[in-house]
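For reference, the structure is listed below as structure tokens.
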Amino acid sequence: MADHPVIAPAASQRHSSDPARPTAGSATAAAAAPPAPAAGPLSPEHLALLAEGRRRTRKVRRAAGYATASGWTLVVFAALTFTGVLFGDFVSLAIAVALAVLGANELRGGAELRRFDAGGARRLAFNQLGLGVLIVAYASWSLVVALRDPALAGLQQSTGDAGIDEMVGQIANLVTYGVYGGLAVVGVVVPGLTAWYYHSRGRIVRAALAETPSWVIDAMRATSG
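The opening position of the sequence shown corresponds to residue 855 in my numbering, with each subsequent residue numbered one higher.
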């Protein structure tokens, strides 16, 4: 009796090797595969323009940060000076109010500069000139008060020796003029140079606005904090 070929195993083999039928392993691998990353909204050209815009405005942002620090410093000095009112010194009150106004104006100018507003540079420059006037006025007033102080005149009669008393008086006057005269010089030089520095940032802002696409400026303003 002839042996007949077994059909079922062949059919089973043909069924298992069918490439169209997914296996359990391939289905698991497909499910575990991460999705393809979506393309970003900005092209490399856009990113390059943003980087160039930040490079152009680096000095402006640095000046804005300096103005913020300077403004808060003036506010702190205003608060410390105001304590003189507790001892009946109303000159301290006037100086404290002036320092507070200058500090608030410095903070406002820094915020404008951070938004790339050229008017902020102008505000900061004039504010520094105002600070210089305040320092010179305070130094001049303090010099007059010190020279009229009876204690200074008393130094010229402290030893009883006319020659020594005269020398002591000259030294005291020299120190007084040196202290308050030096303060006046600082009030002219430092705020004057700072005013020039802020004024020069205004030119940079105007150049950046002219050379940078408006959407880049808007993006930097939105992220300036």
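Virtual Cβ for every residue (Gly too), placed ideally from N, Cα, C. Note that the structure is a prediction, hence the values are computed from the model and not measured.
Check: Does the stretch 989-1005 come close enough to the stretch 1034-1043 to have 3 or more Cβ pairs within less than 8 Å?
Finding: As far as the Cβ criterion goes, the stretch 989-1005 touches the stretch 1034-1043, which means the pair count is three or higher.
Next item on the list: Please report how far the alpha carbon of residue 941 lies from the alpha carbon of residue 961, in whole angstroms.
Entry: Distance between the alpha carbons of residue 941 and residue 961 is about 30 Å.
Checklist line | Cβ-based neighbour list, residue 1045, same chain, cut-off 6 Å, excluding 5 preceding and 5 following | finding: Excluding residues within five positions, the ones whose Cβ falls inside 6 Å are 982, 985 and 986.
Item checked: Pairwise C-alpha distance: residue 993 and residue 1023 -> The C-alpha of residue 993 is placed about 20 Å away from the C-alpha of residue 1023.
Next item on the list: Since I believe residue 1001 is in contact with residue 1030 (beta carbons under 8 Å), could you give me their beta-carbon distance rounded to a whole number of angstroms?
Entry: That pair is a contact at about 6 Å.
Margin query: Beta-carbon within less than 7 Å of residue 904's beta-carbon, same chain only, minus the 5 sequence neighbours each way: which residues are those?
Written below: Hits under 7 Å: 1070 and 1073.
Check: For residue 970, is the classification buried or exposed, using 16 other Cβ atoms within 10 angstroms of its Cβ as the cut-off for buried?
Finding: Counting C-beta atoms within 10 angstroms of its own C-beta, residue 970 has 16 or more neighbours from the protein chains shown and is therefore classed as buried.
Notebook entry, point to check: How would you call residue 978, buried or exposed, if buried means at least 16 neighbouring beta carbons within 10 angstroms?
Noted result: Classified as buried, residue 978 has 16 or more neighbouring CB atoms from the shown chains inside 10 Å of its CB.
Notebook entry, point to check: By Cβ distance, which residues of its chain are closer than 7 Å to residue 1052, with the 5 residues on each side in sequence left out?
Noted result: Contacts found: 917, 975, 978, 979 and 982.
Margin query: Please list the terminal residues of the continuous alpha helix (DSSP H) segment that includes residue 1072.
Written below: Counting along the chain, the alpha helix (DSSP H) containing residue 1072 begins and ends at 1068-1076.
Check: Does the Cβ-Cβ distance between residue 907 and residue 1066 come in under 8 Å?
Finding: Yes, the pair counts as a contact, with Cβ atoms nearer than the cut-off.
Notebook entry, point to check: From residue 935 to residue 956, what distance separates their C-alpha atoms?
Noted result: Roughly 14 Å between the two C-alpha positions.
Check: When the Cα atoms are used, what is the spatial distance from residue 1027 to residue 937?
Finding: Rounded to whole angstroms, residue 1027 to residue 937 spans 29 Å at the Cα level.
Item checked: Sequence-distant residues of the same chain with beta carbon closer than 7 Å to residue 931, five excluded per side -> Taking residue 931 as the centre and dropping the five residues before and after it, the same chain places the C-beta of 953 closer than 7 Å to its C-beta, in chain order.
Checklist line | residue 911, DSSP secondary structure in three states | finding: Residue 911 falls in the coil class under three-state DSSP.
Item checked: Residue burial classification, residue 1058 (beta-carbon count within 10 angstroms, cutoff 16) -> Buried, because 16 or more other Cβ atoms sit within 10 Å of the Cβ of residue 1058.
Next item on the list: Could you check which residue in 921, 912, 1025 and 924 has the C-alpha nearest to that of residue 1061?
Entry: Nearest of 921, 912, 1025 and 924 to residue 1061, Cα basis: 912.
Check: Distance, Cα to Cα, residue 943 vs residue 972?
Finding: In a straight line, the C-alpha of residue 943 is about 39 Å away from that of residue 972.
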